[in-house]
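Read through the structure below, which is laid out as structure tokens, and then see the notes.
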Amino acid sequence: MKLSPGWLLSLTLLLPAGLSAQSKKPLDHSVYDGWQSIGTKTISNNGKWVAYTITPQEGDATLVVRNLDNRQEMTIPRGAAPVFTEDSRYVVFSIKPFFKDVRQARIKKKAPDQMPKDSMGIMLLGGEKSIYMPVANVKSFKTPEKGSGLLAYLIDAPKTDTAKGGKKTAAPKDGADADEDTPGRPSGAEAGHLVIMNLRTDAVDTVKNVTSYTLNKPGTKIALVVNPPKKDSLAQAGVWLWDVQSRKADTLSRGQGTFARFAFDEKGQQLAYAGSRDSAKAPQKFFSLYYFNTGQDSARIAVSPGTPGMPAKWHVSDDANINFSKNGTALYFGTAPVAPPKDTTIVDFEVAKVDIWHYKDDYLQTMQLKNLTRDLNKSYAAVYFPAARENRMVQLGNLDLETFVQLDEGNAPYGIGYTDKEHRIAMQWTGNTAKTAYLVNVRTGERKLIKDNLLGYFYPSPQGKYLMWFDLPAGEWFTYDIAGGTTRSVSKGLPVKMVDEEMDMPDYPRPYMPSGWLEGDRYIYLNDRYDIWQVDPTGKTAPVMITQGLGRKTRTELRYVKLDREERFFKPKQTLLLRAFNDSTRYGGFYSLQLGGKKGPEQIVMGPYSYLAPEKAKDANVYTFQRQNYVASPDVYAGANIATAERLSAINPQQASYNWGTAELFSWTTYNGKTTEGIVYKPEDFDPKKKYPVLIYFYEKLTDGLYSYQPPAPTPSRLNISFFVSRGYVVLAPDIRYETGRPGKSAYDYIVSGAEALARQPWIDKDNMGIQGQSWGGYQVCYLITATPMFKAAWAGAPVANMTSAYGGIRWESGMNRQFQYEHTQSRIGATLWEKPELYIENSPLFHLPKVTTPLAIMHNDADGAVPWYQGIEMFTGLRRLGKPVWMLNYNNEAHNLIHRQNRKDIQIREQQFFDHFLKGAPAPQWLKNGVPAVEKGRNWGFDY
């Protein structure tokens, strides 16, 4: 019998169960698609409504809208991406097409315009029974960020334009368009019809042939780009400004063109955008900055290639964001050199295609090619002052100062410029670059050096009074007073470290990042491992531990949770929500802390759970979050008190029918005398009188996930823990700490000692233990089987086999060289290949393959962007040459971690068959016994026994 891709539903009939009769059935591969998770989750501003999506791994999602007052729910099949309006009166959402319809369309290879389309739903909230109005073929929708009563959405234009209903909008009145010239035809998005709904009056207007639309924050204006077809000679192309109250449009720029990067000011009265009148076929395009203010007849060109202050042969970049300062007095945009025209005289097949690598290049050719589009679209900061008395631009960045950061939301007279020029080559072996910071005068462009060659992180204060940075070699936080020009260390006198206390890589330890600043940039709040410190950036007042030592005393990490997306700083006496995680118990929870108060942190809730995605209603003290542990799915909760919040969702009820499992901490002493811990997962029907086969899954530190839910899912190549536990395996997930220069030996000390400690339990079958790891875990799998015959089967995903060849390899996803990994980060050699060649050989499995006795399965894919797949080939061919049992899976054109679901499903089945065969004595499938010849590829998957 041959198995086709339809094997999945019937596979459990082919796989040996190996289990006695029991009240609950084991998980099988057919459960994946229906297993649910929470997708989008949001709460209305008034705290009375919560919306969330329940999403199966494969299939149609469901949107739930719940009234927290009366507990009534409305479910919308296939609903997605819910957005509450600012006034909490409506919720607007997408409605996806049926999964089965999309699947059939893909099978039939339909063109994009023939694929099933999204719809939109609009639900009025607060009535006795909430109902929603569906709208078909909606490409996108928007509501104002701070206003209410407006909804705009773009629909596909009908094949034959017979739009009915609503007001048919005439072309807007003409303005004196000073920028009119010979029009070209723009390239860009396909046009649709924009529907503008006033949710207060039910008025509806339609504007045809719209390619882009942007709402101002108050919801009073909409900027539109209108691009009618050539055959419609009466329609008017250009940029329109729609007034919501009058339901009329004015012309800002008349005629065809390419217009992009629309930005309103905070009040919604000023508008700016980039535009070009050049044809899409023009050899060069020149963009200008257009500016409009209330009272003008039309938009005017504020900045163009010839404007004073614009560098020669530069223009406005249409790839750079445009934004007004918060106070509206400055308009920030980007400029760039004009791209040279394409040389049309070159005959493509007559010229060489070659990449020239040069040792003085800032970046390797692989990085240059990977970032080619980004570099071609690179822009440099500039500012325009639109006031009539100024009306001028200032260039702020250039080729020597690529990055510019606005201060105080663009209101400050200064900004910060950064560059890592002259330090980029070293990225090859350090993994990062030193940076230099300048204070840039926004009105003149003048620069003042602040900090040269910093290896660390810059962190401007929210109101622009200070630039703070962390110096990695010094291990300290510093502040620079922008007004006074003075620099000081603000963490030097603290009695605890501000850096990662558990760092075990051969590099400078990273800092615990700050929680935030107090209003007026009065204080900065720094984190140590457990607690939070209030620090004066001027150094005049002594630091204060505002958590009063509770964190370190109880080994509880306390971290601020930002609940207001617009919050820039703390207010005096503000009550902070702190996320809590206990290092000893792994309990999760929350504390509250009032700034300036005397009580210190007050516990809200702590327990054997982890908490996800906390949110607070903007205008009410109502919270929503998710809570989970190994047994409980991450359901949605909501309420005024986090500790007593009501559970709203109940996903995965089918779990109760399956033999699930438990998770607990397990500790032991390693071979180097250290005490460590791991998670032991046991089947729900665990019987201490039985013997269980063991799988050990590892990476670095995993016990922080003790209370994480592990859904049965086809994984990218990691161990599907809940699946194997359900089917009668015990799983150990150990923590590992590493010694520089001995990563392989460190893995051995922790993992093998843990396996031996576990094997001493009477319920462990010590003769049937296997190991599994992906990426760094895959490397450790390969090393371990050269160091011990203890394991009966091993599975390695994307492993490094030979550090000497991997050292000079390329991470193809980024184009970076891999040397930094060995000298400074995860691979932990701590020296170059020439300084310590013996360490590279000692830690490379390839050089010790004659010692291997364990059967090994490898997954390594030909499009791996992190570990070159020839590493898997070296491991495979070495073992094959020695006559050792080894298999390798190459999922074609797949990444380091599997992306495509069909491949994830495939590898889960093979992984189960592999371990069941070697650890449970199940028959070997065809792919294990004989392989699958290339001539049978795509017809025979080798799953048969």
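Here our numbering is used: the first residue of the sequence shown is 157, the next is one more, and so on. Beta carbons: idealized from backbone N, C-alpha and C, even for Gly. Nothing here was measured: the structure is a model prediction, and the numbers come from that model.
According to DSSP, residues forming a beta bridge with ASP531: Answer is none; ASP531 lacks a bridge partner.
Near GLY424, what residues of its chain come up, given a Cβ to Cβ distance below 7 Å and the 5 sequence neighbours on each side ignored? ASN372, LYS373, PRO374, THR376 and LYS377
Pairwise C-alpha distance: ASN808 and ALA217: 13 Å
For SER244, which of ASP361, LEU219, PRO253 and LEU306 has the nearest alpha-carbon? LEU306
If you reduce the DSSP assignment to three classes, tell me which class ALA776 lands in. coil
Under DSSP, the alpha helix (DSSP H) around ALA438 begins and ends at which residues? It is not in any alpha helix (DSSP H) - ALA438 carries neither H nor E in the DSSP assignment.
When the Cα of PRO868 is compared with those of TYR814, GLY834, PRO629 and ILE920, which residue comes out closest? TYR814
Going along the chain, which residues of its own chain have a beta-carbon closer than 7 Å to the beta-carbon of GLY707, five neighbours each way excluded? TYR686, ASP687, GLU713 and LEU714
What's the C-alpha gap between THR825 and THR831? 5 Å
Does the separation of the CB atoms of ILE907 and PRO918 fall below 8 Å? no
Assign GLY1087 to buried or exposed, taking buried as 16 or more other Cβ atoms, counted over all protein chains shown, within 10 Å of its Cβ. exposed
Among all the DSSP beta bridges, which residues are the ones paired with GLY752? Answer is none; GLY752 lacks a bridge partner.
At 4 residues or longer, and completely inside the segment 578-640: list those alpha helix (DSSP H) runs for me, N to C. 583-586
Please report the straight-line C-alpha distance between GLN690 and ILE702, rounded to a whole angstrom. 6 Å
Kindly indicate which three-state DSSP category LYS197 falls into: helix, strand or coil? strand
THR592 versus GLY566: straight-line alpha-carbon distance, rounded: 21 Å
Quick check on the burial criterion: 16 or more other C-beta atoms within 10 angstroms. Buried or exposed for TYR515? exposed
Is the CB-CB distance between THR589 and ARG580 below 8 Å? yes
Can you tell me the Cα-Cα spacing of ASP237 and ARG227, whole angstroms? The question names Asp, yet the displayed sequence has Ala at residue 237. Between ALA237 and ARG227, the C-alpha separation is close to 21 Å.
Buried or exposed, going by whether 16 or more other CB atoms sit within 10 Å of the CB of VAL1042? buried
Quick check on the DSSP output: what are the complete beta strand (DSSP E) runs of length 3 or more inside the segment 406-471, in order along the chain? 414-420, 426-432, 444-449 and 456-459
GLU771 by DSSP, collapsed to three states: which one? strand
Can you list, in chain order, the residues of its chain whose CB lies under 7 Å from that of LEU851, leaving out five sequence neighbours each side? LEU875, PHE880, TYR885, VAL887, GLY926, GLN928 and PHE1071
Suppose you measure from the CA of MET762 to the CA of PHE781; what does that come to, to the nearest Å? 14 Å
Helix, strand or coil for GLU887, going by three-state DSSP, please let me know. One detail in the question is off: residue 887 reads as Val in this sequence, not Glu. VAL887 falls in the strand class under three-state DSSP.
Can you have a look at TYR827 and say buried or exposed, based on whether 16 or more other CB atoms are within 10 angstroms of its CB? exposed
At what residues does the alpha helix (DSSP H) containing ALA962 begin and finish? 959-962
With a threshold of 16 other CB atoms inside 10 Å of the CB of ASN383, please say whether the residue is buried or exposed. buried
Alpha carbon to alpha carbon, how far is SER435 from LEU427? Give it in angstroms, no decimals. 24 Å
Around the C-beta of ALA543, are 16 or more other C-beta atoms found within 10 angstroms, so that it is buried, or is it exposed? exposed
Can you tell me which residues form a DSSP beta bridge with GLN562? GLY571
Below 8 Å between beta carbons: does that hold for PRO493 and PRO439? no
Name the residue from ASN609, ASP518 and ASP531 whose alpha carbon lies nearest to the alpha carbon of MET583. ASP518
Check whether chain C comes within 8 Å of ALA308, counting only Cβ atoms and requiring the distance to be less than that. No chain C appears in the structure shown, which is made up of a single protein chain.
When we look at the beta-carbon of ASN1049 and count the other beta-carbons within 10 Å, is it buried (16 or more) or exposed? exposed
May I have the straight-line CA-CA distance separating ALA1051 from ASN1017, to the nearest angstrom? 6 Å
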